[in-house]
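Numbering (the numbering used here), first residue to last: 251 to 1006.
So the structure is just underneath, and the comments pick up after that.
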């Protein structure tokens, strides 16, 4: 059995930190799991009891102490290298294989005007109710009324025969041109949607949790913020050999945690609504007897090192720079995202009627997007050689507004944090005379400052600082792909041509093992001391179960041990591979026991399927635990591996000690010899107990993030006949508040009608 760790610091972070003695099933919140007795209506406590029971029952894979491993070295360095600007693979657009731009649709309904007008654009003017775009966009059809079989669906890379054909073609060309070189030109292929969640882990690691720059937002929001906790949840890929020689592998997202939600089903239909004339889109409704034209997707293909990446092209406007293509992202308002289960039964009326503010504003939606999905959007656009992102905000019933974000603007959000770049770039206010500086010295300094302002051009529309942001974003992506390639090269050697799953997580090395439960002093009438651990309230236990290992604040305040990317690898049997690659519709059709109340689950409407997934979430969670117990058992003897990745930045040959590494502006000068290197190493984790502990930790984290029970009963109507909303004590504060704004939107509509 082999396992590895990737590390650029050359320092073992595991020895004292990977002890399995604090297994999750011995955690105080689990070992003394008690059924709530005080209040049977306490839904949160009941949910916590059920969740704890699920862990104890389904993930009781104990990493027992094994004295035979005491003499085993925790890790072994097996590979190391240095990535330089001269050897990091370039991004290559495969123009000979890309679909013609003529196959890519354009925006309809005069929406193209937003591409060349920065800022947000209201669907309807809040004051006059004047429509700024086609009125049909205020009537989004219900998902049950759509001809879903006529709307194109996502094709996983493992099922995309064209990707394999392109890979084979490129490899044959290389062999013909360089007969002596045995290494293939393409060894891995994937789609951008499968890759982005992993690449986010690499971004957070390489940038040392760089803050998100939100200085352009109003006073309601902080100048800098962090990604939400969901970005710290482990991410997994399924890697499958696709040729007889096992020289080419597909990379798919692990779909064992997928479930259908309204937003995922509706997404492709909304894109059609934005790119087709109203009369053409009507043909996609069940009420229409006309057959719509073929809705086939157009794709762009790119190569980075040994990776072949496919990107779907949503829309094009030849007036935009470069290829003119851009991504369409339909973004549901916060009232839906915060309250998914409830809005499945009671669709929200929440609206956007102002630019700035905490609620009912475009600013709120953009701030949330920056913390949750915008970096993913930027990766998809960059991998697809696109100009930017067209965002369409909606509440499922109607579109509320639009905004086009060029990729350069998004780069400045994630790589242009002013407090970091200011010191490098020299931004400052004009000096004043003082005891330390006379008038002549101050004037000379101020004159230089003014000259810098006048000549601050990265290009005709960007400052040098903004151009640096895009440069770093591009280089970091290539670094990430190269590190991932190095990791996969080692894994495929060990897995010997078998399919495997790889789970990624960025971890603070001194937070790998949870603390021992603290014993509580016992009295004569209490349970014996050895059976007592620190107690917590139901809500505290719930928070402990679903939160990631650390918050952004905790990460920022933790010093000493370095970060690392830890990965767990399991080889897969055929049945396990099918489970991990199964799409949600296929999963539901197979789960007849879960949907036993349906007479014919194939005839279930999309909305019914969504409600079944929500209602039986604990069943799907238990199934997930069972699957992962089987995967570990079957792979434990010969196919269970673990690795850790670490990397250090070197600027001009000197190791960076910056909190968030960033090159100087000089790197943009073509004549400059400014260097930016990244040194890395790959280490093997040797102890079985350590690997089992990490496996349990990752699986638990995934399960209780992906299969979360609703905070309150989803099908309870909280809206009164008087138009008000009842407080739901089991719902979160944000859920209660956004429900109130939904009720307010209806009253606003009535007032607007009465004033006409």
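We put the CB at the ideal spot given by N, CA and C, even for glycine.
Since the model is a prediction, treat every value here as computed from it, not as a measurement.
| Item | Value |
| --- | --- |
| Using a Cβ-Cβ cut-off of 6 Å (strictly less than) and excluding sequence neighbours within five positions of residue 453, which residues of its own chain qualify? | none |
| By how many angstroms is the C-alpha of residue 932 removed from the C-alpha of residue 762? | With a pLDDT of 48 at residue 762, under the threshold of 50, the predicted position of this residue should be treated as unreliable, though the coordinate-derived value follows. For residue 762 and residue 932, the distance between alpha carbons rounds to 18 Å. |
| To the nearest angstrom, report how far apart residue 489 and residue 608 are at their CA atoms. | 42 Å |
| To the nearest angstrom, how far is it from the Cα of residue 730 to the Cα of residue 582? | 30 Å |
| Would you kindly work out how many angstroms separate the C-alpha atoms of residue 346 and residue 424, rounded to a whole number? | 16 Å |
| Could you check what DSSP says for residue 777 in three-state terms: helix, strand or coil? | Any reading at residue 777 must be qualified, since the residue scores a pLDDT of 35, below 50, and its modelled position is unreliable; no value is offered. |
| Rounding to the nearest angstrom, what Cα-Cα distance links residue 1008 and residue 550 in this structure? | Missing from the structure shown is residue 1008; the chain here goes from 251 to 1006 and no further. |
| Exposed or buried, what is residue 380 when buried is set at 16 or more other beta-carbons lying within 10 Å of its beta-carbon? | exposed |
| In angstroms with no decimal places, state the Cα-to-Cα distance between residue 697 and residue 455. | 40 Å |
| Let me check understanding here. Comparing Cα to Cα, which of 411, 361, 486 lies closest to residue 816? | 486 |
| Please confirm if the stretch 985-994 is in contact with the stretch 529-547, defined as three or more CB-CB distances below 8 Å between the two stretches. | no |
| So, residue 203 versus residue 518, is the Cβ gap smaller than 8 Å? | Because the chain in this structure spans residues 251 to 1006, residue 203 falls outside the shown range and cannot be described. |
| Could you compute how far the alpha carbon of residue 384 sits from the alpha carbon of residue 654? | 18 Å |
| Helix, strand or coil: which one does DSSP assign to residue 703? | helix |
| Classify residue 465 as helix, strand or coil using the three-state DSSP reduction. | coil |
| Count the other CB atoms, across all protein chains shown, that sit within 10 Å of the CB of residue 430; report buried if there are 16 or more and exposed otherwise. | exposed |
| For the structure I just gave you, are there three or more beta carbon pairs, one from the stretch 942-950 and one from the stretch 500-508, closer than 8 Å? | no |
| Work out the CA separation of residue 718 and residue 915 for me, nearest whole Å. | 7 Å |
| On the three-state DSSP scale, how would you describe residue 658? | helix |
| Ignoring anything shorter than 4 residues or poking outside the stretch 937-991, list the alpha helix (DSSP H) runs there in chain order. | 938-956 |
| Count the other CB atoms, across all protein chains shown, that sit within 10 Å of the CB of residue 922; report buried if there are 16 or more and exposed otherwise. | exposed |
| Going by DSSP, name the residue or residues bridged to residue 638. | 656 |
| Scan the stretch 565-590 and note each continuous beta strand (DSSP E) run of 3 residues or more that stays entirely inside, going in chain order. | 575-582 |
| Pick out whichever of 603, 638, 592, 618 has its Cα sitting closest to the Cα of residue 574. | 638 |
| In terms of alpha-carbon separation, which member of 515, 645, 707, 636 lies closest to residue 615? | 645 |
| On the DSSP letters alone, give me the boundaries of the beta strand (DSSP E) that residue 630 sits inside. | Taken as a continuous stretch (DSSP letters only), residue 630 belongs to no beta strand (DSSP E), being part of the alpha helix (DSSP H) at 624-633. |
| In the structure shown, what three-state DSSP assignment does residue 896 receive? | strand |
| To the nearest angstrom, report how far apart residue 230 and residue 716 are at their CA atoms. | Absent from the model: residue 230. The displayed extent of the chain is 251 to 1006, so no value can be given. |
| Please report how far the alpha carbon of residue 882 lies from the alpha carbon of residue 890, in whole angstroms. | 7 Å |
| Here's the rule I'm using: 16 or more other beta-carbon atoms within 10 Å means buried, otherwise exposed. How should residue 711 be labelled? | exposed |
| What separation, rounded to the nearest whole angstrom, lies between the Cα atoms of residue 661 and residue 720? | 5 Å |
| Rounding to the nearest angstrom, what Cα-Cα distance links residue 736 and residue 588 in this structure? | 39 Å |
| Tell me where the beta strand (DSSP E) around residue 517 begins and ends. | First-last for residue 517: 512-525, but that is the alpha helix (DSSP H), not the beta strand (DSSP E). |
| Give the DSSP bridge partners of residue 330, in chain order. | 931 |
| Since residue 502 sits in a beta bridge, which residues does DSSP pair it with? | 488 |
| Quick one: measure Cβ to Cβ for residue 892 and residue 935, integer angstroms, because I've assumed they're closer than 8 Å. | 4 Å |
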